[in-house]
Amino acid sequence: MNKYRLVSFGLGFLLASGCLTSAMAEDLPAEKMIITVKLDPSRTKSHAQLELLKNMDVLGVNFKKNIAEVSVTQEELNSLKSKGLKVFQDLNRTKDFSATTALSDYLSPDKAVAALTEINTRFPNLTKIFEIGKTTRNFSINAMEISSHLGDPNYPVVVFNAMHHAREVMTTEVVMNIAKVLTEQYGSNADVTKWMDHFRIIVVPQVNPDGNSLVHNGQNMWRKNAYTVAGTVRGVDLNRNYPTNWNYCNGSSSSVSSETYRGPSAGSESETKAMMNLVSTFKDRKSTRLN
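Numbers given in the working numbering equal positions in the sequence shown, counted from 1, plus 16.
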């Protein structure tokens, strides 16, 4: 039995402390706009203001600047104004937010596969590509092991996974950069060489390629996977589908139209199952997942 502990890092964006929910009324990003909500400097008051946003699509919260960015419909905007919140709309950002060309420099599912293949071709003795499972639409979820001890069970394993949420396109770039640095600097960078000689490192650039495909095909703010109900893609928030604390602390929704829809049951989605199987393959007693 491998005595080592698996450490798994999940790359995502933390919006605020606590179980802050975010939901979108319908899956039509073209009908939405980006607004900035001015928050009160008082933490008690600002958290009360954030409560008014909990059923909306919160993009980010900056407590240093006391602002929150939210993607809203006109109806939601009117509702916030009626509640006395100070809101500002940047028309240029809303225009850019709807433009598919803004994503041209980021890796689509096909480009991510090509990038993994290119690294593997350059460094066949340090890398191995393998499939950890299939998506809802039967697309391969690919991973790459990176190490000078490929497949050796006597070395601890570190997993970097990205893009549970489809629109978080930067997370794939971070994981792919990790793969490039490890392979390109092995033998020349002392730290990288030490890591590669002492660990088996696994990268999963896109846990949710189905959702990311929707993002790259016009639905820029799509967040979930491609879970389908009665022929219509509704999506499940994969980050809230795991069995641990499923349906806990009001941090998810039972509504299929919500951006935080947790799914019909705990661990129901093929992407979630793929990640759980990956972790189970390498863990001994404990698995640590950091978001």
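Built from N, CA and C at the ideal position, the CB exists for glycine as well.
Hey, would you say residue i sits closer than 9 Å to residue j, going by beta carbons?
i	j	result
A84	Q222	no
S87	M72	yes
V185	V252	no
S156	S229	no
I135	V173	no
V74	V175	no
D226	A242	yes
A290	M192	no
Which residues does DSSP pair with residue i in a beta bridge?
i	result
A84	V53, V77
R250	According to DSSP, R250 bridges with nothing at all.
I218	E161, V175
F146	A159
S269	Y277
T244	V249
Which two residues bound the contiguous alpha helix (DSSP H) that contains residue i?
i	result
Q105	It is not in any alpha helix (DSSP H) - Q105 instead sits in the beta strand (DSSP E) that spans 102-105.
P225	225-232
F298	286-298
S98	90-98
Taking residue i and residue j to be in contact with their CB atoms under 8 Å, please state how far apart those CB atoms are, rounded to whole angstroms.
i	j	result
L93	V53	L93 to V53, Cβ: 10 Å. No contact.
Y264	G283	About 14 Å; that fails the 8 Å criterion.
L198	M212	6 Å
Drop a sphere of 10 angstroms on the beta-carbon of residue i, count the other beta-carbons inside from all chains shown, and report buried for 16 or more, exposed for fewer.
i	result
I162	buried
E287	buried
N141	exposed
E275	buried
G203	exposed
E285	buried
R59	exposed
N255	buried
N224	buried
F29	Per-residue confidence for F29 stands at a pLDDT of 40, beneath the threshold of 50, marking its modelled position as unreliable; the derived number appears in the next sentence. Exposed.
S269	buried
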